[in-house]
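Each step along the sequence shown adds one to the number in the numbering used here, with nothing skipped, and position 327 is 417.
Some notes on the structure that comes next.
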Amino acid sequence: MDKLNLQHYREIINEIDKNLVSVFEQRMETVKKIADYKRKNKMKILDAEREKMVVDNAVSSLKNKELEKYLRFFIDDLLTLCRQYQIDSIALNDNVSTEEIKPENIQGAVIGYYGLPGSYCEEAVAEYFGKISSGRSYQTFDEVISALSSGEIDIGVLPIENSSTGTITEVIDLIRDNRVYITGEHILEVRHNLLTLPGTKLSDIKTVYSHVQGLEQSAHFLKKYRWEQIVYKSTANSAKLVRDLGDKTKAVIASSRCAEVYGLENLVPDIHYNKNNYTRFIIVGRELAVNDTCDKISIIMDIAHKPGALYNVLRLFNEQNINIMKIESRPIIEKPWEYLFFFDFEGNLKNERVKTLLESLKNISHQFRLLGNYRNSGRRIV
Numbered sequence: 091m092d093k094l095n096l097q098h099y100r101e102i103i104n105e106i107d108k109n110l111v112s113v114f115e116q117r118m119e120t121v122k123k124i125a126d127y128k129r130k131n132k133m134k135i136l137d138a139e140r141e142k143m144v145v146d147n148a149v150s151s152l153k154n155k156e157l158e159k160y161l162r163f164f165i166d167d168l169l170t171l172c173r174q175y176q177i178d179s180i181a182l183n184d185n186v187s188t189e190e191i192k193p194e195n196i197q198g199a200v201i202g203y204y205g206l207p208g209s210y211c212e213e214a215v216a217e218y219f220g221k222i223s224s225g226r227s228y229q230t231f232d233e234v235i236s237a238l239s240s241g242e243i244d245i246g247v248l249p250i251e252n253s254s255t256g257t258i259t260e261v262i263d264l265i266r267d268n269r270v271y272i273t274g275e276h277i278l279e280v281r282h283n284l285l286t287l288p289g290t291k292l293s294d295i296k297t298v299y300s301h302v303q304g305l306e307q308s309a310h311f312l313k314k315y316r317w318e319q320i321v322y323k324s325t326a327n328s329a330k331l332v333r334d335l336g337d338k339t340k341a342v343i344a345s346s347r348c349a350e351v352y353g354l355e356n357l358v359p360d361i362h363y364n365k366n367n368y369t370r371f372i373i374v375g376r377e378l379a380v381n382d383t384c385d386k387i388s389i390i391m392d393i394a395h396k397p398g399a400l401y402n403v404l405r406l407f408n409e410q411n412i413n414i415m416k417i418e419s420r421p422i423i424e425k426p427w428e429y430l431f432f433f434d435f436e437g438n439l440k441n442e443r444v445k446t447l448l449e450s451l452k453n454i455s456h457q458f459r460l461l462g463n464y465r466n467s468g469r470r471i472v
């Protein structure tokens with residue numbers, strides 16, 4: 091008898107599903123007409139207020155209020171499908187015209203970098219661009235971006251991530267808040283050393299200076315000693331300070347190049363705890379600089395603060411078979427516990443799958459910005 095009842099209920103479900111399919115087709119036909127209207131009037135596909143109204147209207151028609159939670163999920167998923175159908179129907183190109191994209195040209199360009207001569211950033215500039223005669227050093231990350239924005243320099247170089255201590259959030263936030271673009275990247279092996287005035291002994295040292303990253307990446311070595319640790323502007327600035335103070339109780343954590351530039355002695359080489367210690371530097375400009383060799387894209391976007399929202403974003407990458415290289419979240423100012431997400435992923439802006447993905451991402455977000463399309467450094471770390 092139970093099996094008969096089960097079969098009976100399944101037949102009822104089958105009839106309901108048939109009706110659902112018919113209604114679904116009607117809805118999607120209407121959605122396509124709306125997509126055509128939006129295309130002709132150059133309207134954005136996502137209308138958050140309208141979607142909220144659709145969900146609320148559906149809930150208000152619900153008789154069994156115990157099902158409200160499930161209905162909200164159902165309508166949310168339906169709206170996601172409808173947005174994607176509109177995107178596929180419109181088949182828009184990305185906002186960025188390939189005609190506006192210019193290949194990177196450094197001939198005669200003024201390059202600005204963080205830190206004094208001898209800094210790791212200067213090393214990255216030298217490795218990436220070769221010998222330059224028009225480099226300018228700046229004391230803070232913000233000064234580099236300000237100089238770039240004002241036209242004082244043409245290209246900026248900043249550290250953005252270290253293999254031991256992770257992302258440098260201050261740089262991430264500066265890229266987020268300023269209209270600049272990532273046009274390249276370079277990975278530099280970072281080897282920290284304890285530098286002192288010539289003739290200094292370990293027992294003489296009482297204070298050690300460095301950038302916060304230098305101190306953090308040498309934390310295991312520093313634990314052996316009861317030295318005062320002082321965070322200073324940069325590793326190169328710290329080396330210059332120790333030289334200028336002329337005090338053997340002072341030491342600095344910096345590169346071997348700093349020892350050469352500032353006449354210091356490399357008392358203890360390679361004090362960083364991670365022997366595969368690398369820093370990724372980004373090259374930034376005022377305009378996109380893309381060519382056919384570019385294979386890495388960076389974007390920033392917000393994601394709805396509701397269940398399944400991140401999944402829906404990741405699903406779009408999967409549908410286009412595009413590999414995500416990194417996801418990073420940063421707080422949205424004045425919106426506690428809500429976040430912007432940085433994505434690095436493989437691709438070129440001229441690729442059709444990438445264009446489709448970017449259009450889809452733009453139409454499920456309120457804030458979206460393309461940060462750059464550039465060549466992956468490709469340095470294999472072993």
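We treat Cβ as the ideally placed atom computed from N, Cα and C, and that holds for glycine.
Three-state class that DSSP yields for residue i in the structure shown
i: residue 465; result: coil
i: residue 322; result: coil
i: residue 255; result: coil
i: residue 283; result: strand
i: residue 379; result: coil
i: residue 107; result: helix
i: residue 120; result: helix
i: residue 300; result: strand
i: residue 243; result: coil
i: residue 315; result: coil
i: residue 102; result: helix
i: residue 269; result: coil
i: residue 186; result: With a pLDDT of 42 at residue 186, under the threshold of 50, the modelled position of this residue cannot be trusted; read the value that follows with caution. Note: residue 186 maps to coil in three-state DSSP.
i: residue 295; result: coil
i: residue 192; result: At residue 192 the pLDDT is 43, less than 50, meaning the model places this residue with poor confidence; the figure from the coordinates comes in the next sentence. Reduced to three states, the DSSP call for residue 192 is coil.
i: residue 131; result: coil
i: residue 276; result: strand
Nearest-angstrom Cβ-Cβ length linking residue i and residue j, presumed shorter than 8 Å
i: residue 343; j: residue 276; result: 22 Å between Cβ atoms; not a contact.
i: residue 274; j: residue 373; result: 4 Å
i: residue 149; j: residue 162; result: 7 Å
i: residue 333; j: residue 315; result: 21 Å between Cβ atoms; not a contact.
i: residue 218; j: residue 325; result: The Cβ separation is near 18 Å, so there is no contact.
i: residue 420; j: residue 269; result: Not a contact, Cβ separation roughly 17 Å.
i: residue 380; j: residue 451; result: In fact, because the Cβ distance is near 18 Å, the residues do not count as touching under 8 Å.
i: residue 227; j: residue 241; result: Wrong, their Cβ atoms sit about 18 Å apart, outside the cutoff.
Beta-carbon gap between residue i and residue j smaller than 8 Å
i: residue 330; j: residue 294; result: no
i: residue 271; j: residue 462; result: yes
i: residue 430; j: residue 357; result: no
i: residue 175; j: residue 118; result: yes
i: residue 251; j: residue 259; result: no
i: residue 328; j: residue 301; result: yes
i: residue 336; j: residue 244; result: no
i: residue 279; j: residue 368; result: yes
i: residue 254; j: residue 364; result: yes
i: residue 371; j: residue 249; result: yes
i: residue 443; j: residue 386; result: no
i: residue 317; j: residue 291; result: no
i: residue 231; j: residue 200; result: no
i: residue 340; j: residue 299; result: yes
i: residue 413; j: residue 435; result: yes
i: residue 390; j: residue 459; result: yes
i: residue 234; j: residue 246; result: yes
i: residue 311; j: residue 361; result: yes
i: residue 177; j: residue 124; result: no
i: residue 439; j: residue 410; result: no
i: residue 428; j: residue 456; result: no
i: residue 121; j: residue 172; result: yes
Status (buried if at least 16 other CB within 10 Å, exposed otherwise) for residue i
i: residue 303; result: buried
i: residue 454; result: buried
i: residue 99; result: exposed
i: residue 142; result: exposed
i: residue 167; result: exposed
i: residue 308; result: buried
i: residue 322; result: buried
i: residue 111; result: exposed
i: residue 349; result: buried
i: residue 213; result: buried
i: residue 96; result: exposed
i: residue 481; result: Limits of the chain in this structure are 91 at one end and 472 at the other, which puts residue 481 out of reach.
i: residue 445; result: buried
Any non-hydrogen atom of the ligand ZN within 7 Å of residue i CB
i: residue 460; result: Among the components modelled here there is no ligand, and therefore nothing to report on the ligand ZN.
*Could you name each continuous alpha helix (DSSP H) segment of 4 residues or more that falls completely within the segment 384 to 455, going from the start of the chain to the end?*
399 to 409, 442 to 452, all fully within the segment 384 to 455.
*Note down, one range per segment and in chain order, each alpha helix (DSSP H) of at least 4 residues found wholly within the segment 199 to 229.*
Listed in chain order, they are 210 to 219.
*Within the segment 133 to 176, note down every full alpha helix (DSSP H) run reaching 4 residues or more, in order along the chain.*
Along the length of the segment 133 to 176, whole alpha helix (DSSP H) runs at least 4 residues long occupy 138 to 150, reported in chain order.
*Report the residue ranges of all alpha helix (DSSP H) runs contained in full by the segment 321 to 378; include only those spanning at least 4 residues, in chain order.*
Look at the segment 321 to 378 and you find these whole runs of alpha helix (DSSP H), each 4 residues long or longer: 325 to 335, 346 to 352.
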